[in-house]
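Peer 1:
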Ligand code: SAH
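In the numbering used here, the protein residues as written are 8 to 354.
(1) What's the gap between the Cα of residue 173 and the Cα of residue 204?
(2) Assuming residue 355 contacts residue 116 (C-beta within less than 8 Å), just tell me the rounded distance between them.
(3) What I want to know is whether the C-beta of residue 24 ends up closer than 8 Å to one or more non-hydrogen atoms of ligand 3.
(4) Please tell me whether residue 68 and residue 94 are closer than 9 Å, where the distance is taken between their beta carbons.
(5) Taking a contact to mean a Cβ-Cβ separation below 9 Å, would you say residue 124 touches residue 329 in this structure?
(6) Shorter than 9 Å from the beta carbon of residue 235 to some beta carbon of chain C?
(7) For ligand 1, is there any heavy atom lying closer than 8 Å to the beta carbon of residue 317?
(8) Thinking C-alpha only, which one of 261, 103 and 345 is nearest residue 298?
(9) Between 300, 302, 283 and 301, which has its C-alpha nearest residue 293's C-alpha?
(10) DSSP three-state call for residue 67: helix, strand or coil?
(11) Go to residue 158, then tell me how far its alpha helix (DSSP H) extends in each direction, as first and last residue.
(12) Do the segment 141-159 and the segment 261-268 make contact, defined as three or more Cβ pairs closer than 8 Å?
(13) Enumerate in chain order the residues of its own chain whose CB-to-CB distance from residue 274 is below 8 Å, with the five nearest sequence positions on each side excluded.
(14) Under 9 Å between the Cβ atoms of residue 185 and residue 82?
(15) Taking the C-alpha atoms as reference points, what is the distance between residue 199 and residue 58?
(16) Closest to residue 54 by CA distance: which of 15, 31, 248 and 88 is it?
(17) Figure out for me which residue from 132, 214, 339 and 240 has the closest Cα to the Cα of residue 256.
(18) Provide the residue span of the beta strand (DSSP E) that contains residue 221, from first to last.
(19) Using the Cβ count rule (16 or more neighbours within 10 Å means buried), how would you classify residue 289?
(20) Between residue 310 and residue 271, how many whole angstroms is the CB-CB distance? I'm expecting something under 8 Å.
(21) Near residue 175, which residues of its chain fall below 6 Å by C-beta distance, leaving aside the five closest residues on each side in sequence?
(22) With DSSP as the reference, label residue 129 as helix, strand or coil.
(23) Whole angstroms are fine: how far does the CA of residue 182 sit from the CA of residue 43?
(24) Apply the 10 Å Cβ neighbour rule to residue 24 and answer buried if 16 or more other Cβ atoms are within range, or exposed otherwise.
(25) Nearest to residue 161 by alpha carbon, out of 74, 65, 216 and 238?
(26) Can you tell me whether residue 6 sits near ligand 1, meaning its C-beta is under 8 Å from at least one heavy atom of the ligand?
(27) Nearer than 8 Å: is that true of the beta carbon of residue 9 relative to any heavy atom of ligand 1?
(28) Please report how far the alpha carbon of residue 132 lies from the alpha carbon of residue 326, in whole angstroms.
(29) Counting C-beta neighbours from all protein chains within 10 Å, is the total for residue 354 16 or more, i.e. buried, or is it exposed?
(30) Could you check where the alpha helix (DSSP H) with residue 314 kicks off and where it finishes?
(31) Just to check, is the beta-carbon of residue 333 closer than 8 Å to a non-hydrogen atom of ligand 1?
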């Protein structure tokens, strides 16, 4: 049963404004248990206390990066699984939260630590929402921080969000309904699960959040080698999807965002940049590329692309009129950077 269903069970015929009070309390940084929800009558509070867990996740520990601008928390689910969530300071001095959508991942991308864990299970919507709520309390209780505000959320932690479509959607709608975070400040990152990508374009309940696609190569064979989930005919289908996505919302979705990891001698040479440019030209849709320097993870042969190669790659894209930024790694000293999340789990 979801938290909401449990709450509704307790409420029974109680007036519906109680539900609103409960939702407000669940997303309030100053309220961290049922006893504190003083807007509710005492009897109701004690029934909620008995029947509805306040949190679905228990924190095990939190690591802090040496620059104090990244925190990684290991959170345990009620069935004993461990997930990781990361809080990073953003350019505006507030916080961006990186949430996990699954325990482990089935996609098995060759450079990603989470892929090495295999797939354990998808998270429930409450477990995704509670990563946000955990950090809300965390920030509230932490002293000497420049800001306590989470302004952005990225679904870029452990797992493939679109392989957990319904729960991710429910969590997005709850966060949009109960926080000040707007839909343009939320990004769902996908390895490129085309059926789900197509579905969300015509799903009236899928909120208009940003989508980022992990591309990593515009060469079908290279991509298949490093991203084994690459579908047959991936690039043609992707180009078609890009055109539909832009047509659906020509004003706000004025470009499609891609992530592109830079792996030495794999996908970061001149030829690779040319293929990427050609793909963008064939698709005929404006794109934006986030270049991600590879973060070292165990058990694979890859190395980070040299800085001058990263810059040369970026330059070639920009010269072709494609906006390309290089993402600075955050929290790599606490293994909290992209692709380093691998909480210990016994299956
Ligand atoms: N499954 C989703 C979201 C999780 S990963 C996806 O594939 O998009 C978030 C981003 O980190 C993805 O672009 C992913 O390819 C990238 N990533 C994975 N391992 C990495 C590593 N070792 N170094 C840098 N980026 C990595």
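The beta-carbon is built from N, C-alpha and C at its ideal position, and this holds for glycine as well.
On a predicted model such as this, the values are computed, not experimentally measured, just so you know.
Peer 2: Let me spell this out:
(1) A straight-line Cα-Cα distance of about 13 Å links residue 173 and residue 204.
(2) No statement about residue 355 is possible, as the shown extent of the chain runs from 8 to 354 and does not include it.
(3) This structure simply doesn't include ligand 3; it includes ligand 1 instead.
(4) no
(5) no
(6) Among the chains in the structure shown there is no chain C, since it carries only a single protein chain.
(7) Outside the cutoff, so no.
(8) 345
(9) 283
(10) strand
(11) Run containing residue 158: none in the alpha helix (DSSP H); it sits in the beta strand (DSSP E), 157-162.
(12) no
(13) 223, 224, 226, 229, 233, 267 and 268
(14) Pairing residue 185 with residue 82 gives a Cβ-Cβ distance that is not under 9 Å.
(15) Take the alpha-carbon of residue 199 and the one of residue 58: they are about 39 Å apart.
(16) 15
(17) 214
(18) 217-221
(19) Exposed: under 16 other Cβ atoms inside 10 Å.
(20) 4 Å
(21) 108 and 168
(22) strand
(23) 21 Å
(24) exposed
(25) Ranking the options by Cα distance to residue 161, first place goes to 216.
(26) Coverage of the chain is limited to positions 8 through 354, which leaves residue 6 absent and any answer about it impossible.
(27) Taking 8 Å as the cut-off, the C-beta of residue 9 does not count as close to any heavy atom of ligand 1.
(28) 42 Å
(29) In this predicted model, residue 354 has a pLDDT of only 44, less than 50, meaning its place in the structure is not dependable; the value taken from the coordinates is given anyway. Exposed, by the Cβ-count rule.
(30) 314-326
(31) no
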